[in-house]
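Quick note on numbering: the first sequence equals residues 235 to 428 in the numbering used here.
Cβ coordinates follow ideal geometry from the N, Cα and C atoms, glycine included.
Predicted model only: the values in this text are computed from it and were never measured.
A short write-up of the structure that comes next.
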Amino acid sequence: MKKLPRSFYSRNTITIAKALLGKTIVRRIGRIFISGMIVETEAYLHDDPASHSFRGVTERTKVMFGEAGHLYIYFTYGMHYCANVVTNKEGIGEAVLIRAVEPIEGIKVMMERRSKKNEVLQNNLTNGPAKFAQAFGLTTEHSGIDLTADEIFVVEGRTISRSEIITGTRIGISSAQDELLRFYLKDTPWVSKK
DNA sequence: TCCACGATCGGCT
DNA sequence: GCCGATCGTGGAG
């Protein structure tokens with residue numbers, strides 16, 4: 235399957251947040267493939283007080299201001315990582331947070347990383363941004379990786395119709411709480427819990 | 001230097 | 001439903 239090209243990522247961030255739904259994100263580790271269908275995203279914009287880019291370029295956030303189509307991963311709450319896709323033009327500072335995926339390949343590896351039993355049956359493996367990052371083994375060491383290269387990338391998945399996309403408010407933020415910048419697929423048990 | 005807080009999760013009541 | 005874990009980041013002083 236074909237990787238999404240740079241041009242996919244260097245567009246309007248909200249468009250990309252919706253367009254990523256149904257796509258498959260893949261991590262390759264040697265011959266092992268871990269993949270999942272993206273079912274929930276959030277957009278973080280340049281003039282958005284909830285965005286890490288809001289106060290300008292810092293050591294942590296500089297990759298958000300870099301070229302589109304790279305990963306921005308940050309560490310939070312002293313123990314969790316969250317992964318974003320950098321979007322829009324270089325210098326703008328926007329990204330899409332991947333909040334949840336439906337596991338496809340590498341489920342055994344994901345379960346080992348999450349070190350929990352029956353996670354798949356309970357849809358608990360990747361239904362949250364830090365759970366997804368943990369299952370895929372993503373940390374700040376992977377921040378800045380180019381998604382058009384071979385280690386982590388996104389490919390076409392299921393075709394999603396407009397009516398399948400639910401829009402809502404973002405989760406876990408303390409400013410801009412009313413902005414409708416969260417998008418998820420209807421009728422899937424793999425979205426995060428509120 | 002210091003320190004409050006966080007794009008969360010899981011366990012406990 | 002609530003609360004504690006746990007530490008890097010960056011704004012304040």
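For residue j and residue i, the rounded distance between their alpha carbons
{"i": "I290", "j": "Y243", "result": "Checking the displayed sequence, the identity of residue 290 turns out to be Gly instead of Ile. Cα to Cα, the separation comes out at about 21 Å."}
{"i": "V273", "j": "G391", "result": "11 Å"}
{"i": "Q411", "j": "L331", "result": "16 Å"}
{"i": "P239", "j": "G312", "result": "34 Å"}
{"i": "G256", "j": "I394", "result": "6 Å"}
{"i": "N318", "j": "A334", "result": "11 Å"}
{"i": "I341", "j": "Y306", "result": "24 Å"}
{"i": "E413", "j": "S285", "result": "12 Å"}
Nearest candidate by alpha-carbon position, reference residue i, set the options
{"i": "N246", "options": "T295, M271, A302, P283", "result": "A302"}
{"i": "Y308", "options": "P239, T422, L372", "result": "L372"}
{"i": "M235", "options": "Y278, S269, Q368", "result": "S269"}
{"i": "T360", "options": "S409, W424, V297, S408", "result": "W424"}
{"i": "N322", "options": "T292, E339, V354, Y278", "result": "Y278"}
{"i": "T310", "options": "E385, I248, L415, A367", "result": "A367"}
Integer-rounded CB distance, given that residue j should sit under 8 Å from residue i
{"i": "L381", "j": "H280", "result": "Their Cβ separation, rounded to whole angstroms, is 20 Å, which puts L381 and H280 out of contact at 8 Å."}
{"i": "I266", "j": "V343", "result": "6 Å"}
{"i": "T183", "j": "V388", "result": "What the structure shows of the chain is the stretch from 235 to 428, and residue 183 is not part of that stretch, so it cannot be assessed."}
{"i": "M271", "j": "E336", "result": "4 Å"}
{"i": "C316", "j": "A364", "result": "6 Å"}
As assigned by DSSP and simplified to three states, the class of residue i
{"i": "R404", "result": "coil"}
{"i": "F288", "result": "coil"}
{"i": "Y315", "result": "strand"}
{"i": "V297", "result": "helix"}
{"i": "M235", "result": "coil"}
{"i": "S269", "result": "strand"}
Q.
Whether or not the stretch 402-413 and the stretch 321-330 are in contact is what I'm after, with contact meaning three or more pairs of Cβ atoms, one per stretch, closer than 8 Å; do they touch?
A. No: the two stretches stay apart, fewer than three of their Cβ pairs being nearer than 8 Å.
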